[in-house]
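Residue numbering for the sequence shown follows our numbering, starting at 97 and increasing by one per position.
From the three backbone atoms N, C-alpha and C, an ideal C-beta is built for every residue, glycine too.
Note that the structure is predicted; figures quoted are calculated from it, not measured.
Worksheet: one structure, shown below.
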Amino acid sequence: MSWRGSTTIRDRIFACLPYLLPIIEVFVFGRYLMSQFPALQLVFLPLLPLLRIYYGVRYAGLIIFFALFLLVVRNEKISHFVRFNTMQAILLDIVIFLFSILTDVVGLVPAGNFAIQTLSTTIFLGILGTVVYSVAQSLMGRYAEIPAISDAVYMQLPR
């Protein structure tokens with residue numbers, strides 16, 4: 097759906113970039129899956145420099161979060177399409193944060209290792225699938241409609 101006019105190639109590319117944030121954040125949840133399927137690590141090899149910088153700088157996640165929110169989402173000079181996708185990526189990042197709290201709680205349960213592995217792999221695949229879908233929709237110039245997440249984005253960015 098593209099009700100805010102046509103999107104340029106530039107807007108489509110810029111709309112995809114914020115989805116690097118949830119990909120980087122969810123990477124730690126994929127450790128169990130990647131240990132069983134080492135070939136999957138090759139897919140994430142291009143992200144290795146970003147991962148090192150992101151996890152090497154103490155408050156990188158917080159800085160990027162606020163920079164995207166304040167400089168992109170709240171900037172009405174930027175197209176609605178880019179701001180929508182940026183806000184959606186931020187909300188996916190918040191979902192990942194909430195899931196990390198959940199996995200910490202499950203980790204407190206004795207013999208909860210299998211539950212942690214299953215939960216982590218499910219989170220990883222779910223977020224990865226959502227990001228792939230969102231990037232594909234963005235490249236086609238469409239708004240990626242994700243249940244609940246997109247509704248929350250529309251609350252922040254009125255149509």
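Is residue i near residue j, with beta carbons less than 8 Å apart?
i	j	result
I160	L117	yes
N171	S230	no
L166	V249	no
I190	L147	no
Give me the Cα-Cα distance between residue i and residue j, rounded to the nearest whole angstrom.
i	j	result
G225	V168	24 Å
S131	Q184	29 Å
T103	M251	22 Å
L143	G126	14 Å
G237	P114	15 Å
V122	Y239	22 Å
P254	H176	9 Å
Along the alpha helix (DSSP H) that carries residue i, what are the first and last residues, could you check?
i	result
I119	116 to 122
A185	176 to 203
P145	144 to 152
Y250	245 to 252
At least 3 beta-carbon pairs within less than 8 Å: the segment 208 to 220 vs the segment 148 to 163 = no
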